[in-house]
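A.B. asks:
Here it is in structure tokens:
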């Protein structure tokens, strides 16, 4: 009986960084464990300001946002916060130092009392996802092995559903909403739009609407079809990187280089948009890598840099100019229309390794 | 998994025609030169890092990359212009952007149309084997004595010059005739550079110590001590850090730099069986425990651990330097503000990049020097009163 008394029944998950790629897994996992999830509010300017207040000015925007969300959770009265440290997702395939050191930053910059659940995933040191989950559970004082294993399975199930739906072309929010409410829906009809672009960006930059300043919605309003990392399977991304003659170095490389490379190689899109936070180390290299290959292939590319001061007006102007340029180019070439093939599904087995490598 | 992902060995250049070059980083030249000369290979030294070099680097690299890369690239370009055809570089993947340097540089150099062979050796696992393999590749030298000679002289030179530097930092604020230590250091730099025999090199360290001890110092002077911490390259490269040790030393402050090339070399290359004492990194991990539970790449944990160590061992302040947008050091900067408060030690963080003006930094350093000096005097007065 003691064990049940001691266990923590409420966990706060900040809506930032790993939330955007892995939340479906976390949701299934914690639900099965019987832990209630408290989510922080969606990102607002207020949250960003609060976050920036705590860290030094050179810190990048996503980390500032993360800190802001942690503060938001504390203000909501949630005193157990989930701050995973995802060090590496493969042998010597590491994350950025700031993402690796998230718990260290949070521990040291916030001077309020709270409990931090800080599991580590480090495949270079052979700390796999199983250890990650058991670590999480034991920090929540849950020591029932079979329960944790069931919870992992439930996590995979929700995550698989989410990935399937997102890949079929559902928007991120819709896919997430469906996955959490245990609905399954696949977008059947693919409207052919005159232009299509691929966005290479971290999930936490792109799907956070405040950070990306509604980039996807803005493009869709301009009648442009948008592809993101959710539309590309892990294997395709990995193979595309190799096909370009590059080697995966960063944990997030599949989201960025992999996605852009996939569409660059099969010429499905008219242009590439790279969106990165100012001062982002990995992005500066990955965007450059793709720019190098895009230039070789004659593919137009736009590099958008964002930080907490990004003005929406300047952002829109650059976007409009880029789209205008794309459509003019296409008209000049005779309007060869790209017919979008339906996305093929990989078997569930291959999806399994998808999580945390994406 | 292959360790040599980035290094495609090019065998088209004849061994006889090879002219080796490597990027500059502090006093690394002395050891590399000894090693390469021991193996009977030809080499070219790129010109010293200057504004001109930096300009070449900035021109040819992307905007967001960090400062060390820009200087490395400039070194490559200048060496190639001077006639080098083999570039050597070590690499430690999985730490930060550093692991991508050679990959990026190769692309840029190819774009500029240079013909060269880039020889990269990994510093992550099986270090000695990879290092030997790399040097075999460029020299085709099979004589084990030559390897012994090269490594022995290289190591001993590194130890000697680092000892000289340590003594210089100690003596500079205390010397009675200003400039003497600096002169002595320059003299020894030249002697160390010119020594070639194995036997002489082994004696170098002892002779350096003897000679520095002859300099007259004022032992009663109040000299605040400062730890110089931060990113590896910036610490070791005097151009990038604007000779911060000299600036501090001239202000009457003893600098204790925690990262020395020879220490690092010893730790990295020596098999762990022979490495008995607690390494710098292990010490840092032990001291940083309260603030950091995991290493996150780069020198972050060393910076934090050393700060705690300094605070508990009577050091008066920390000067923390890093290149702009250095990922691991931004994390440590975040953590240091708390460490500074809790361990009660002043920390000055200086961010360096190609835009940094020297005057602004000097003002900040002077103010910091004043602060720690006054703190020290106040503390020693308090001590004296208690004794009375």
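Protein chains in written order, with the working numbering: chain C, 9 to 366; chain Y, 6 to 393. Quick reminder that beta carbons are idealized off the backbone N, C-alpha and C, glycines included.
Where in the region 103–166 of chain C do unbroken runs of the beta strand (DSSP E), each at least 3 residues long, occur, reported from the N-terminal end onward?
C.D. replies: 123–125, 128–130
A.B. asks: Relative to the alpha-carbon of residue 127/C, which residue among 298/Y, 338/Y, 360/Y, 388/Y has its alpha-carbon at the smallest distance?
C.D. replies: Within the first chain, residue 127/C is the residue found at index 119, counting from 1. If we check each option's Cα against that of residue 127/C, 298/Y comes out closest.
A.B. asks: For residue 284/C, which beta-bridge partners are listed by DSSP?
C.D. replies: Residue mapping note: residue 284/C aligns to position 276 of the first chain, counting from 1. Answer is 313/C.
A.B. asks: Report the option in 261/Y, 310/Y, 259/Y whose CA atom is closest to the CA atom of residue 284/Y.
C.D. replies: For the purposes of this step, residue 284/Y is taken as the residue at position 279 of the second chain. Cα-wise, what sits closest to residue 284/Y is 310/Y.
A.B. asks: Please confirm whether residue 292/C and residue 69/Y have their CB atoms less than 7 Å apart.
C.D. replies: For the purposes of this step, residue 292/C is taken as residue 284 along the first chain, with counting starting at 1. For the purposes of this step, residue 69/Y is taken as residue 64 along the second chain, with counting starting at 1. In contact: residue 292/C and residue 69/Y (Cβ atoms closer than 7 Å).
A.B. asks: Please confirm whether residue 70/Y has its beta-carbon closer than 7 Å to some beta-carbon of chain C.
C.D. replies: For the purposes of this step, residue 70/Y is taken as the residue at position 65 of the second chain. At least one chain C Cβ lies under 7 Å of residue 70/Y.
A.B. asks: Which residues in chain Y have a C-beta closer than 7 Å to the C-beta of residue 104/C? List them in chain order.
C.D. replies: Counted from its first residue, the first chain places residue 104/C at position 96. Per Cβ cutoff of 7 Å: 332.
A.B. asks: Determine the burial state of residue 294/C: buried for a count of at least 16 other Cβ atoms within 10 Å of its Cβ, exposed for fewer.
C.D. replies: Locating residue 294/C in the first chain gives position 286, where the first residue counts as 1. When all chains shown are included, residue 294/C counts as buried.
A.B. asks: Determine the direct distance from the alpha carbon of residue 47/C to that of residue 21/C, and round the result to whole angstroms.
C.D. replies: As a first step, residue 21/C must be located in the first chain, where it is residue number 13. As a first step, residue 47/C must be located in the first chain, where it is residue number 39. If I take the Cα positions, the gap works out to 5 Å.
A.B. asks: In chain order, what are the residue ranges of uninterrupted beta strand (DSSP E) at least 3 long that sit wholly in the region 68–139 of chain Y?
C.D. replies: 91–96, 122–127
A.B. asks: Can you round the beta-carbon distance between residue 336/Y and residue 106/C to whole angstroms, since I take them to be within the 8 Å contact cut?
C.D. replies: Taking the second chain and counting its residues from 1, one reaches residue 336/Y at position 331. Taking the first chain and counting its residues from 1, one reaches residue 106/C at position 98. 6 Å between Cβ atoms; contact.
A.B. asks: Using a Cβ-Cβ cutoff of 8 Å, what residues of the region 313–328 of chain Y are near chain C? List them in chain order.
C.D. replies: none
A.B. asks: What do you get for residue 285/C, buried or exposed, if any count of 16 or more other CB atoms within 10 angstroms of its CB means buried?
C.D. replies: One-based indexing of the first chain puts residue 285/C at position 277. Looking at its Cβ environment, which holds 16 or more other Cβ atoms inside 10 Å, residue 285/C is buried.
A.B. asks: Can you check which of these residues, 107/Y, 315/Y, 382/Y, 175/Y, is closest to residue 347/Y by C-alpha distance?
C.D. replies: Residue mapping note: residue 347/Y aligns to position 342 of the second chain, counting from 1. If we check each option's Cα against that of residue 347/Y, 315/Y comes out closest.
A.B. asks: Going along the chain, which residues of its own chain have a beta-carbon closer than 7 Å to the beta-carbon of residue 222/Y, five neighbours each way excluded?
C.D. replies: Taking the second chain and counting its residues from 1, the one referred to as residue 222/Y is at position 217. Result list for residue 222/Y: 176, 179, 180, 181, in chain order.
A.B. asks: What runs of the alpha helix (DSSP H), each 4 residues or longer, lie entirely inside the region 165–215 of chain C?
C.D. replies: 180–188, 211–214
A.B. asks: Less than 6 Å between C-beta atoms, sequence neighbours within five positions excluded: which residues of the same chain meet that for residue 68/C?
C.D. replies: Taking the first chain and counting its residues from 1, the one referred to as residue 68/C is at position 60. For residue 68/C, where only same-chain residues beyond five positions count, the Cβ hits under 6 Å are 285, 287, 288.
A.B. asks: Assign residue 355/C to one of three DSSP states: helix, strand, or coil.
C.D. replies: Position 347 of the first chain, counted from the first residue, corresponds to residue 355/C. Note that residue 355/C scores 47 on pLDDT, short of 50, meaning its location in the model is unreliable; the coordinates nonetheless yield the value given after this. Coil.
A.B. asks: Could one say the Cβ of residue 293/C lies closer than 7 Å to chain Y's Cβ atoms, at least one of them?
C.D. replies: Sequence index remark: in the first chain, residue 293/C carries index 285 (1-based). Yes, residue 293/C lies at the interface with chain Y (some Cβ there is under 7 Å from its Cβ).
A.B. asks: Within 10 angstroms of the Cβ of residue 150/Y, are there 16 or more other Cβ atoms? Answer buried if so, exposed if not.
C.D. replies: Position 145 of the second chain, counted from the first residue, corresponds to residue 150/Y. It counts as exposed.
A.B. asks: Look at residue 166/C and residue 35/C and say whether their C-beta atoms are less than 7 Å apart.
C.D. replies: The count along the first chain starts at 1 and reaches residue 166/C at position 158. The count along the first chain starts at 1 and reaches residue 35/C at position 27. Contact flag set, yes.
A.B. asks: Quick one: list the residues of chain Y neighbouring residue 108/C, beta-carbon separation under 7 Å, in chain order.
C.D. replies: Stepping through the first chain from its first residue, residue 108/C is reached at position 100. In chain order: 301, 302.
A.B. asks: Assuming residue 308/Y contacts residue 287/Y (C-beta within less than 8 Å), just tell me the rounded distance between them.
C.D. replies: Numbered from its first residue, the second chain carries residue 308/Y at position 303. Numbered from its first residue, the second chain carries residue 287/Y at position 282. Going by Cβ atoms, the distance from residue 308/Y to residue 287/Y rounds to 15 Å, so no, they are not a contact pair.
A.B. asks: For residue 235/Y, which beta-bridge partners are listed by DSSP?
C.D. replies: By 1-based counting over the second chain, the position of residue 235/Y is 230. According to DSSP, which records beta bridges pairwise, residue 235/Y is partnered with 326/Y.
A.B. asks: Strictly under 7 Å for the Cβ-Cβ distance: is residue 340/Y near chain C by that measure?
C.D. replies: As a first step, residue 340/Y is located in the second chain; it is residue number 335 there, counting from the start. So, interface residue.
A.B. asks: Please list, in chain order, the chain C residues whose beta carbon lies closer than 7 Å to that of residue 101/Y.
C.D. replies: Within the second chain, the letter at position 96 stands for residue 101/Y. Per Cβ cutoff of 7 Å: 105, 289.
A.B. asks: State yes or no: is the C-beta of residue 56/C within less than 7 Å of the C-beta of residue 316/C?
C.D. replies: Residue mapping note: residue 56/C aligns to position 48 of the first chain, counting from 1. Residue mapping note: residue 316/C aligns to position 308 of the first chain, counting from 1. Yes. Within cutoff.
A.B. asks: Residue 43/Y to residue 202/Y, Cα distance in whole Å?
C.D. replies: Residue mapping note: residue 43/Y aligns to position 38 of the second chain, counting from 1. Residue mapping note: residue 202/Y aligns to position 197 of the second chain, counting from 1. In a straight line, the C-alpha of residue 43/Y is about 10 Å away from that of residue 202/Y.
A.B. asks: For the region 196–211 of chain Y, enumerate the residues whose C-beta is nearer than 7 Å to any C-beta of chain C, in chain order.
C.D. replies: none
A.B. asks: Mind the definition here: the region 319–332 of chain Y touches the region 35–45 of chain C only if three or more C-beta pairs lie below 8 Å; say whether that holds.
C.D. replies: Short answer: they don't touch.
A.B. asks: By the 10 Å Cβ neighbour count, where 16 or more other Cβ atoms means buried, how is residue 113/Y classified, buried or exposed?
C.D. replies: In the second chain, counting from the first residue as 1, residue 113/Y sits at position 108. It is buried - the Cβ of residue 113/Y has at least 16 other Cβ atoms within 10 Å.
A.B. asks: Compute the Euclidean distance between the alpha carbons of residue 263/Y and residue 231/C, then round it to the nearest angstrom.
C.D. replies: For the purposes of this step, residue 263/Y is identified with residue 258 of the second chain, where counting begins at 1. For the purposes of this step, residue 231/C is identified with residue 223 of the first chain, where counting begins at 1. Distance between the alpha carbons of residue 263/Y and residue 231/C is about 58 Å.
A.B. asks: Is it buried or exposed, residue 392/Y, if we count other Cβ atoms within 10 angstroms and call 16 or more buried?
C.D. replies: Numbered from its first residue, the second chain carries residue 392/Y at position 387. Residue 392/Y is exposed by the Cβ-count criterion.
A.B. asks: Work out the CA separation of residue 302/C and residue 64/Y for me, nearest whole Å.
C.D. replies: For the purposes of this step, residue 64/Y is taken as residue 59 along the second chain, with counting starting at 1. For the purposes of this step, residue 302/C is taken as residue 294 along the first chain, with counting starting at 1. If you take the alpha carbons of residue 64/Y and residue 302/C, they lie about 21 Å apart.
A.B. asks: Please report how far the alpha carbon of residue 203/C lies from the alpha carbon of residue 219/C, in whole angstroms.
C.D. replies: Walking along the first chain from the start, residue 203/C turns up at place 195. Walking along the first chain from the start, residue 219/C turns up at place 211. Their Cα atoms are separated by approximately 24 Å.
A.B. asks: Apart from the five residues on each side of it in sequence, which residues of its chain come closer than 8 Å, Cβ to Cβ, to residue 298/C?
C.D. replies: If you number the first chain from 1, residue 298/C lands on position 290. Cβ neighbours of residue 298/C within its own chain (closer than 8 Å, five residues either side excluded): 208, 264, 265, 268, 269, 272, 280, 282, 309.
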